[in-house]
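Undergrad: This is the structure, below, for whatever I ask next.
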Amino acid sequence: MAADDDRGFMAQALALAERGLFTTTPNPRVGCVIVRDGAVIGEGFHVRAGEPHAEALALADATRRGHDVKGATLYVTLEPCGHHGRMPPCADAVIASGVARVVIAMTDPNPLAAGGIARLRAAGIEVAIGVAETEARELNIGFVSRMTRGTPWLRMKIAASLDGCTALDNGTSQWITSEEARADGHAWRARACAVLTGIGTVLQDDPAFTVRAVETPRQPLRVVVDRRGETPVHARVLADGNAIVVTAGPRNRSWPVSVEVVTLPDAQGRVDLSGLLRLLGDRGINELHVEAGARLNGALLDAGLVDEIVAYLAPDVIGDPARGMFARAGALTSLAAKTRFEWQDVRFVGRDLRVLARRGEGGH
């Protein structure tokens, strides 16, 4: 089959995988199509953990349509798993189906699930790897991060004026950017496994940090960095219990037992941010969405933990005095010490400009 055909069918599998964007955590987003004689005869995508994987759903869909998959080609965005977790190994189901060829976008970075490719080849199935690999990795950038680094992919969302101000000097920030930009920000929030904020934002704005502007079947975990345990007991971020407060000292005695508290002090008596990311990785958090003030933003930047920035810039000027994006621990004395990012995407969202930047080589 021609390479263009392979890319075309893999594009369909990736589009299916993206339908699980808000639901699959902590599992990866995976799509699958089965093709015979140039036509799709079965398709499926993984919806959520504990439910059938994409390959099993595509095989079942082909059977439901009355198609025999023997000799067909199966396209899948991630290597079929080779282990028995909540579901049986997908590699075994693919082998048993009789398909002749399997095209895989990317290998599985999870060492526990890997091994499917070797099993397929041992069974005599032709395997091609790396078709649309870049797109597949982007779709699962958080899962890859957690599997390879042990920490989630940290994406920081910022809304600012053209001159880089995120709030007035008195803390007023609602609303600098447009309704369209805020809805787009909710879509990034919805795809994340958790939203991270700081005590300053909680005290200033009392945000709920739930997803409201887009439809989603689940809400991300909320994580509050609160060094001294100052989060009010009736703060909206704690309202439904789907939250963790991370302190550097004792638990606030006014908090009910339903409030989960994690104590993670560093050597300076602040919250250990690197330790927090490792803890979240251990909890299956793939993508961590940060909506915080300049102080926490700066601390994360100083710690080298920011992978990506999504910044919405309104075509307005506030001027000084006002609050900026990052409050770093100390003033830089050389431009060589700046944190380097690379442009990934720039587009209009409503009247605002959305800039996506990713940490570059030698960024710290």
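Read in order, the letters of the sequence shown are residues 1249 to 1612 in the numbering used here.
Glycine residues also receive a C-beta, built at the ideal position from the N, C-alpha and C atoms.
Owing to the predicted nature of the structure, the values given are computational and were not obtained by experimental measurement.
(1) Can you look up Met1404 in the DSSP assignment and give me helix, strand or coil?
(2) In or out: Thr1420 buried (at least 16 other Cβ within 10 Å) or exposed?
(3) Figure out for me which residue from Gly1390, Pro1300, His1482, Ala1435 has the closest Cα to the Cα of Val1459.
(4) Considering just the uninterrupted stretch of the beta strand (DSSP E) at Glu1478, what are its terminal residues?
(5) Quick one, are the C-beta atoms of Arg1255 and Ala1380 less than 8 Å apart?
(6) Starting from the N-terminal side, write out each stretch of the alpha helix (DSSP H) that is 4 residues or longer and does not extend beyond the region 1338-1366.
(7) List the whole-angstrom C-beta distance separating Ala1542 from Gly1572, where the pair is believed to meet the contact cut-off of C-beta under 8 Å.
(8) Determine the burial state of Pro1569: buried for a count of at least 16 other Cβ atoms within 10 Å of its Cβ, exposed for fewer.
(9) Please classify Glu1463: is it buried, with 16 or more other beta-carbons within 10 angstroms of its beta-carbon, or exposed?
(10) Below 7 Å, is the gap between the Cβ of Ala1380 and the nearest heavy atom of the ligand FMN?
(11) Near Phe1574, what residues of its chain come up, given a Cβ to Cβ distance below 7 Å and the 5 sequence neighbours on each side ignored?
(12) Restricting to Cα atoms, I'd like to know which of His1482, Leu1486, Val1278, Val1392 is closest to Cys1338.
(13) Check for me: the beta strand (DSSP E) holding Arg1606 runs from which residue to which?
(14) Could you tell me which uninterrupted beta strand (DSSP E) segments, each at least 3 residues in length, are contained entirely in the region 1507-1540, listed from first to last along the chain?
(15) Would you tell me roughly how many angstroms separate the C-alpha atoms of Ile1492 and Gly1363, rounded to the nearest one?
(16) By how many angstroms is the C-alpha of Ala1361 removed from the C-alpha of Ala1239?
(17) Please classify Phe1257: does DSSP put it in a helix, a strand, or coil?
(18) Given that a residue counts as buried once 16 or more other Cβ atoms are within 10 Å of its Cβ, and exposed if not, what is Ile1377?
(19) Are Leu1307 and Ala1265 closer than 8 Å when you measure CB to CB?
(20) Would you identify the three-state DSSP class for Ala1415, choosing helix, strand or coil?
(21) Of all the options Thr1425, Ile1533, Ala1461, which has the alpha carbon lying nearest to the alpha carbon of Gly1598?
(22) Give every residue of the same chain whose Cβ lies closer than 6 Å to the Cβ of Ala1384, excluding the five residues on either side of it in the sequence, and list them in chain order.
(23) Looking only at DSSP bridge pairs, what is Val1494 linked to?
(24) By a C-beta neighbour count over all protein chains shown, 10 Å radius and 16 as the cutoff for buried, is Ser1506 buried or exposed?
(25) Using 8 Å as the threshold, is the C-beta distance between Ala1551 and Leu1521 below it?
(26) Could you name the residues that DSSP lists as bridge partners for Glu1556?
(27) Might you give, ordered along the chain, the residues of its own chain that have their beta carbon closer than 6 Å to the beta carbon of Val1554, omitting 5 neighbours on each side?
(28) With Phe1574 as the anchor, note down where its alpha helix (DSSP H) starts and where it stops.
(29) Can you tell which of Asp1253, Ala1263, Thr1271 has its C-alpha closest to the C-alpha of Pro1465?
(30) Taking the continuous alpha helix (DSSP H) assigned at Asp1432, which residues delimit it?
TA: Once the coordinates are examined:
(1) In the sequence shown, counting from the first residue as 1, residue 1404 sits at position 156. Three-state result, Met1404: strand.
(2) Your numbering for residue 1420 matches position 172 in the sequence shown. By the neighbour-count rule (16 or more Cβ atoms within 10 Å), Thr1420 is not buried but exposed.
(3) Here the question's residue 1459 lines up with position 211 in the sequence shown. That would be Ala1435, whose Cα lies nearest to the Cα of Val1459.
(4) Indexing the sequence shown from 1 puts residue 1478 at position 230. Glu1478 -> no beta strand (DSSP E), and no H or E assigned at all.
(5) Locating residue 1255 in the sequence shown gives position 7, where the first residue counts as 1. Locating residue 1380 in the sequence shown gives position 132, where the first residue counts as 1. Cβ distance < 8 Å, so Arg1255 and Ala1380 count as in contact.
(6) 1338-1345
(7) Your numbering for residue 1542 matches position 294 in the sequence shown. Your numbering for residue 1572 matches position 324 in the sequence shown. Confirmed, about 5 Å.
(8) As a position in the sequence shown, residue 1569 is number 321, starting the count at 1. Burial call: exposed.
(9) As a position in the sequence shown, residue 1463 is number 215, starting the count at 1. Exposed, because fewer than 16 other Cβ atoms sit within 10 Å of the Cβ of Glu1463.
(10) For the ligand FMN, the structure offers nothing, since it holds no ligand at all.
(11) Here residue 1574 refers to the residue found at position 326 of the sequence shown. So the qualifying residues of the chain are Ala1542, Asn1545, Gly1546, Leu1549.
(12) Translated into the one-based positions of the sequence shown, residue 1338 becomes position 90. Of the listed residues, the one whose Cα sits closest to Cys1338 is Val1278.
(13) As a working mapping, residue 1606 is identified with position 358 in the sequence shown. First-last of the beta strand (DSSP E) with Arg1606: 1600-1607.
(14) 1508-1511, 1535-1538
(15) Residue mapping note: residue 1492 aligns to position 244 of the sequence shown, counting from 1. Residue mapping note: residue 1363 aligns to position 115 of the sequence shown, counting from 1. Between Ile1492 and Gly1363, the C-alpha separation is close to 36 Å.
(16) Absent from the model: residue 1239. The displayed extent of the chain is 1249 to 1612, so no value can be given.
(17) The sequence position of residue 1257 within the sequence shown is 9, counting from 1. Residue state, collapsed to three classes: helix.
(18) Here residue 1377 corresponds to residue number 129 of the sequence shown, with the count starting at 1. Looking at its Cβ environment, which holds fewer than 16 other Cβ atoms inside 10 Å, Ile1377 is exposed.
(19) Stepping through the sequence shown from its first residue, residue 1307 is reached at position 59. Stepping through the sequence shown from its first residue, residue 1265 is reached at position 17. No; because the gap between Cβ atoms is not below 8 Å, this pair is not in contact.
(20) Your numbering for residue 1415 matches position 167 in the sequence shown. It is a strand residue.
(21) Numbered from 1 along the sequence shown, position 350 holds the residue referred to as residue 1598. Among Thr1425, Ile1533, Ala1461, the Cα nearest to that of Gly1598 belongs to Thr1425.
(22) Your numbering for residue 1384 matches position 136 in the sequence shown. So the qualifying residues of the chain are Thr1325, Ala1353, Met1354.
(23) Walking along the sequence shown from the start, residue 1494 turns up at place 246. Val1473, Val1510.
(24) For the purposes of this step, residue 1506 is taken as residue 258 along the sequence shown, with counting starting at 1. It counts as exposed.
(25) Translated into positions along the sequence shown, residue 1551 becomes position 303. Translated into positions along the sequence shown, residue 1521 becomes position 273. Yes, Cβ-Cβ distance for Ala1551 and Leu1521 is below 8 Å.
(26) Along the sequence shown, read from residue 1 onward, the residue named residue 1556 stands at position 308. Answer by DSSP bridge pairing, in chain order: Arg1403, Arg1606.
(27) Walking along the sequence shown from the start, residue 1554 turns up at place 306. If we look at Val1554 and ignore the five residues flanking it on each side, its Cβ neighbours are Leu1402, Met1404, Leu1548.
(28) For this step, residue 1574 is matched to residue 326 along the sequence shown. Element bounds for Phe1574: n/a, residue is neither H nor E.
(29) As a first step, residue 1465 is located in the sequence shown; it is residue number 217 there, counting from the start. Of the candidates Asp1253, Ala1263, Thr1271, the one whose C-alpha sits nearest the C-alpha of Pro1465 is Thr1271.
(30) Taking the first residue of the sequence shown as position 1, residue 1432 is located at position 184. Looking at the DSSP string, the run of the alpha helix (DSSP H) that includes Asp1432 is 1427-1439.
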